[in-house]
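Student: Encoded as structure tokens, here's the structure I'll be asking about.
Protein chains in written order, with my numbering: chain H, 85 to 194; chain G, 8 to 121.
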């Protein structure tokens, strides 16, 4: 069964705006990861946040984790058309296995 | 960084035939690999965990006799879809975990069964 549930399912914004995607999960985790997938391509790892971390930054990406609410958010600042892709959260509960959410399709218009 | 390749990138086959998909790690060796399936506009679903030198572990609902996995070496795993049917049409993605909590994904193979 799906562990992560992202919302929104689809997000359409203009270049320069910020994009926020949320992910909720159901069971205890060791870490949560965000991946990006361009249409018809493989996944690219964006960022990993451990269960004892609350916030992490990488370039224009900011990830938060609230283990009490079992939720995470991914913020992309100053979005670009090239950010158009699907974004997935994935949780790990202590092993290599990842459980993916349903994803958010982000469309950034020039 | 690590690179994972898959071959072929796209394949079209007739119903009833078998298709083999290769997944190679180009930069490192891994005793474990994962195979995922992704239907259009849906998430990745783990199909099986492939272990070098031993039998693969399949997720619930995945037929091991239909999806044959062979982890022949530390850099190569193959997935064979046997007697493929149109409902097997999907995007198949492999991944290597270079570390315990990280995975490098292949570019995927688009299978279309007619």
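C-beta: ideal position from N, C-alpha, C; glycine also. Note that the structure is a prediction, hence the values are computed from the model and not measured.
Comparing alpha-carbon positions, which option in H:192, H:165, H:145 lies nearest residue 156 (chain H)?
Tutor: That would be H:145, whose Cα lies nearest to the Cα of residue 156 (chain H).
Student: Expressed to the nearest angstrom, what Euclidean distance is found between the alpha-carbon atoms of residue 158 (chain H) and residue 24 (chain G)?
Tutor: C-alpha separation (whole angstroms): 42 Å.
Student: By the DSSP assignment, the beta strand (DSSP E) with residue 93 (chain G) in it spans what residues?
Tutor: Segment: none, residue 93 (chain G) is in no beta strand (DSSP E) and carries neither H nor E.
Student: Does any C-beta atom of chain G lie closer than 8 Å to the C-beta of residue 186 (chain H)?
Tutor: Taking Cβ atoms only, chain G reaches closer than 8 Å to residue 186 (chain H), which makes this a yes.
Student: Identify the contact partners of residue 114 (chain H) in chain G, using a Cβ-Cβ distance below 8 Å as the criterion.
Tutor: Neighbours of residue 114 (chain H) on chain G, chain order: 108.
Student: Return the residue from the list H:175, H:191, H:186 that minimises the CA-CA distance to residue 112 (chain H).
Tutor: When each option's Cα is compared against that of residue 112 (chain H), the closest is H:175.
Student: Please report the residue range of the beta strand (DSSP E) in which residue 155 (chain H) lies.
Tutor: 155 to 160 is the span of the beta strand (DSSP E), which, as asked, contains residue 155 (chain H).
Student: Using CA atoms only, rank isn't needed, just tell me which of H:109, H:93, H:125 is closest to residue 103 (chain H).
Tutor: Ranking H:109, H:93, H:125 by Cα distance to residue 103 (chain H) puts H:93 first.
Student: What residues in the segment 134 to 161 of chain H bring their beta carbon closer than 8 Å to a beta carbon of chain G?
Tutor: Taking 8 Å as the Cβ-Cβ cut-off against chain G, none of the residues of the segment 134 to 161 of chain H qualify.
Student: Along the chain, where does the beta strand (DSSP E) containing residue 113 (chain H) start, and where does it finish?
Tutor: It is not in any beta strand (DSSP E) - residue 113 (chain H) carries neither H nor E in the DSSP assignment.
Student: Cα-Cα, which of G:28, G:55, G:32, G:74 is closest to residue 41 (chain G)?
Tutor: When each option's Cα is compared against that of residue 41 (chain G), the closest is G:55.
Student: So residue 121 (chain H) packs on residue 129 (chain H), CB below 8 Å; how close in whole Å?
Tutor: Rounded, the Cβ-Cβ distance is 11 Å, inconsistent with contact.
Student: Leaving aside the five residues before and after residue 106 (chain H) along the sequence, list all residues of the same chain whose C-beta is less than 6 Å from its C-beta, in chain order.
Tutor: Correct list, in chain order: 91, 157.
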